[in-house]
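Chains as they are written, first to last, in this note's numbering: chain P, 8 to 414; chain X, 4 to 143.
Just below is one structure, and these are the notes that go with it.
Below, the structure written as structure tokens:
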């Protein structure tokens, strides 16, 4: 408990009031709050050594380059990547997926091939594949989900075949909270010769993720959901796959030589980092990773598991409230729910009056909501700074919403 | 219920909970909208929840405008009730002359609405005012 109180003091926004109420921030699944050390690290870059990276032969540029590359190294260690060359800075999970689709996909997919995704994907792991399918003519298949909100693995052998070139799935569902059995799914994919892309947007910030233990081919995640700034994210890839891929975007920094006729590409990871990268943001993410390491990812995960079990137990007792997804033992730190006869936006508007921030809508997962026959849901998502008292406040506020809306 | 009565009701309530409850209750009194009228033409975009507003000119001297609206969210339904209650069966000129901002300020509604919801409310008002302007032009 004291630990959480100490952690809360590191996050300036958490001291805010909404009207007369203390802010209860339960929307970290959308974006997390930032510890002061991340804000200060970025501020320090702009105040003291702002310069472009990999270019100048001057002191500031060298300092900026060192800080930027040092952040890459710490991120590599954070997910146990074999080398920092395999860490590519992107704008976020969405761009990371689009990079794989456009660079790897264009070189490896065509008619007769199949890409397998799941019914619980975020739009960012659906739309890029639909766009590419329409262009290249491969087949896009979906692993269905069970009513308990797990992947229906009985159907997997029919869907994951020698025709499957890529299996792209979400590690932790942003709506159901389901933690998918990544290791098992990766093994099954590799057994038929398919590559695997994991959407780690909701897993990397919340639990230890080890790319070598998983043996995953690509991992995509975002900085802003893990205490870091917006505008930067990561694509991790296996070295030989990244080496074999053509670039995604063309421009400065990603080339070795450019003549009027042709260009040759830079080495990893720069081949995939065209133009001036988000320097302050990358350095900020480095600071976020240091912060999370200091707290300890095992502690973060354990804290969230404990909290989500408590949230599950408390919210289950609210009349007319139905939680989407599996039981508390198999989920990450988020709970999405619907209240009978109540629109999720009304629910969010009422709890906002009590200073509680939850998300309402389809959470960029329309096919998933379609599966449940609902237009949207409300979602409380937890992080290292949330407390049991905040869950109590949410429960009380939801009961109030019930009294106002569902009579 | 007239705009004045609405204001009185709101002034009487001092907790936001009661005000929300009143808004939700008002929403339940909304004139029903035919399912067939909830289409792409009447759908308002830029709202987080679904909102439809349909207008109809009632001939006469002077001609008046009648609106029917609906939403899948209850608070929004209540807001539609308030807006339509103000504007319904007024002439286009009366609609354009009404000081809606002043009225909302007196209701202190904005204080309890998130920016996106307040935006939706403004969209609704703008749609109605544009409709009134269109009919004024036709009359001229």
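Beta carbons are placed, not taken as given, at the ideal position from N, Cα and C, and that holds for glycine.
Counting C-beta neighbours from all protein chains within 10 Å, is the total for residue i 16 or more, i.e. buried, or is it exposed?
i, result
"residue 375 (chain P)", "buried"
"residue 386 (chain P)", "buried"
"residue 332 (chain P)", "buried"
"residue 265 (chain P)", "exposed"
"residue 65 (chain P)", "exposed"
"residue 99 (chain X)", "exposed"
"residue 79 (chain P)", "buried"
"residue 67 (chain P)", "exposed"
"residue 15 (chain X)", "exposed"
"residue 49 (chain P)", "buried"
"residue 132 (chain P)", "buried"
"residue 360 (chain P)", "buried"
"residue 243 (chain P)", "buried"
"residue 300 (chain P)", "exposed"
"residue 267 (chain P)", "exposed"
"residue 95 (chain X)", "buried"
"residue 291 (chain P)", "buried"
"residue 241 (chain P)", "buried"
"residue 206 (chain P)", "buried"
So who's on the other strand from residue i, going by DSSP bridges?
i, result
"residue 343 (chain P)", "P:386"
"residue 129 (chain X)", "None, per the DSSP bridge assignment."
"residue 267 (chain P)", "Answer is none; residue 267 (chain P) lacks a bridge partner."
"residue 273 (chain P)", "Answer by DSSP bridge pairing: none, since residue 273 (chain P) is not bridged."
"residue 206 (chain P)", "P:177, P:227"
"residue 125 (chain P)", "P:150"
"residue 29 (chain P)", "P:24"
"residue 186 (chain P)", "P:179"
"residue 46 (chain X)", "X:55"
"residue 158 (chain P)", "P:152"
"residue 411 (chain P)", "DSSP, once it has assigned bridges, lists no residue as partnering residue 411 (chain P)."
"residue 21 (chain X)", "Looking at the DSSP assignment, residue 21 (chain X) forms no beta bridge with any residue, so it has no partner."
"residue 262 (chain P)", "P:272"
"residue 34 (chain P)", "P:388"
Considering residue i, what are the terminal residues of the beta strand (DSSP E) in which it resides?
i, result
"residue 51 (chain P)", "Unbroken run through residue 51 (chain P) is the alpha helix (DSSP H), 43 to 55; no beta strand (DSSP E)."
"residue 368 (chain P)", "366 to 368"
"residue 176 (chain P)", "171 to 177"
"residue 73 (chain X)", "67 to 74"
Can you list, in chain order, the residues of its chain with a C-beta nearer than 6 Å to that of residue i? Leave out the 5 residues immediately preceding and following it.
i, result
"residue 143 (chain P)", "116, 117"
"residue 245 (chain P)", "224"
"residue 128 (chain X)", "103"
"residue 73 (chain X)", "36, 55"
"residue 146 (chain P)", "121"
"residue 28 (chain P)", "361, 362"
"residue 203 (chain P)", "174, 193, 196, 223, 224"
The alpha helix (DSSP H) spanning residue i covers which residue range?
i, result
"residue 104 (chain P)", "100 to 106"
"residue 104 (chain X)", "103 to 110"
"residue 55 (chain X)", "Here residue 55 (chain X) belongs to no alpha helix (DSSP H); instead the beta strand (DSSP E) covers 54 to 61."
"residue 100 (chain X)", "95 to 100"
"residue 72 (chain P)", "66 to 85"
"residue 242 (chain P)", "Segment 240 to 244 is the beta strand (DSSP E) holding residue 242 (chain P); no alpha helix (DSSP H) there."
"residue 95 (chain P)", "No alpha helix (DSSP H) holds residue 95 (chain P); the beta strand (DSSP E) holding it covers 94 to 97."
"residue 374 (chain P)", "373 to 379"
"residue 10 (chain P)", "9 to 16"
"residue 90 (chain X)", "77 to 90"
"residue 219 (chain P)", "218 to 221"
"residue 13 (chain X)", "6 to 15"
"residue 361 (chain P)", "From DSSP, residue 361 (chain P) is part of no alpha helix (DSSP H); its letter is neither H nor E."
"residue 120 (chain P)", "Note, residue 120 (chain P): premise wrong, no alpha helix (DSSP H); not H, not E."
"residue 140 (chain P)", "134 to 143"
"residue 33 (chain X)", "Counting along the chain, residue 33 (chain X) falls outside any alpha helix (DSSP H), and DSSP gives it neither H nor E."
"residue 40 (chain X)", "First-last for residue 40 (chain X): undefined, no H or E at that position."
"residue 165 (chain P)", "163 to 166"
Keeping to the same chain, check which residues put their C-beta closer than 7 Å to that of residue i; ignore five residues upstream and five downstream.
i, result
"residue 344 (chain P)", "322, 328, 329, 330, 331, 384, 385"
"residue 255 (chain P)", "106, 109, 110, 279"
Give every residue of the same chain whose Cβ lies closer than 8 Å to the Cβ of residue i, excluding the five residues on either side of it in the sequence, and list them in chain order.
i, result
"residue 346 (chain P)", "325, 327, 328, 329, 354, 385, 405, 408, 409, 412, 413"
"residue 317 (chain P)", "395, 398"
"residue 373 (chain P)", "130"
- prompt: Could you give the uninterrupted runs of the beta strand (DSSP E) lying entirely in the stretch 275 to 351 of chain P, keeping only those of 3 residues or more?
  reply: Under the rule that a run must span 3 or more residues, the beta strand (DSSP E) segments found entirely inside the stretch 275 to 351 of chain P read 328 to 330, 341 to 346.
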